[in-house]
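Structure first, commentary second.
Numbering (UniProt numbering), first residue to last: 1 to 199.
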């Protein structure tokens, strides 16, 4: 975190690290105040409650990911390459011991207010939409193969990636976590790869 970032942005960055490593209930505002040289009251000035903070986190996370996916679309024309890059990006988080932020918030959904749940749901809908578009383009181009509707397969793919992260979370160390994630997601990608044509 750089010194020229605004206080709310620095609070969101630090809070995101806490959520991705332990969930929204694994830290307090005092855990944010100390490392940033702020008072407890100063944190409350920017975010009145943990719920306000969680909603801002989910909104920021969704906007950032959509921006990254748009950049990926501009950078890579091949839908299969886009899909592999999406899976690999989450794999980097697994190796760093960090889970999908909205996945972590979803695990605490029953204790979160409607505004936070709505932001988390919007995140999953946005990612499923991008996956569905990518799958549709891939099937048209012959780069991906699957049965059924792209939207249904997108829901399955997102559940597989999020589930792979969740099971990796319980691994005894980073190497085992990485292996567990890759086993699941490699199988996913393999299932979407067209069979080679017979001569």
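Backbone N, C-alpha and C fix where the C-beta goes; we use that ideal spot for every residue, glycine too. This structure is a prediction, so every number in the text was calculated from the model and none was measured.
Span of the alpha helix (DSSP H), counted from its first residue to its last, around residue i
i	result
residue 40	40-46
residue 35	29-36
residue 59	50-75
residue 22	7-22
Candidates the options: closest to residue i by CA position
i	options	result
residue 11	23, 34, 102 and 192	34
residue 186	101, 90 and 116	90
residue 58	182, 163, 102 and 87	102
residue 147	54, 64, 65 and 194	194
residue 98	21, 39 and 112	21
residue 124	100, 134 and 138	100
residue 150	165, 129, 163 and 164	129
residue 5	136, 19, 29 and 36	36
residue 62	118, 77 and 51	118
residue 163	172, 152, 188 and 173	188
residue 184	88, 127, 16 and 113	88
residue 181	161, 192 and 191	161
residue 152	9, 135 and 49	135
residue 64	18, 127, 79 and 38	127
residue 137	170, 79 and 191	79
residue 77	133, 167 and 8	133
residue 131	116, 173, 73 and 114	73
residue 115	23, 55 and 168	55
Touch test, the segment 137-157 against the segment 70-88, Cβ-Cβ under 8 Å, three pairs minimum: yes
Three CB pairs or more closer than 8 Å across the segment 101-116 and the segment 36-43: no
Segment contact flag, the segment 94-103 with the segment 177-184, C-beta cutoff 8 Å, min 3 pairs: yes
Every unbroken alpha helix (DSSP H) inside the segment 83-128 [4 residues or more]: 101-107
Inside the segment 161-194 only - alpha helix (DSSP H) runs reaching at least 4 residues: 174-191
Given 8 Å, three or more beta-carbon pairs between the segment 138-151 and the segment 64-71: no
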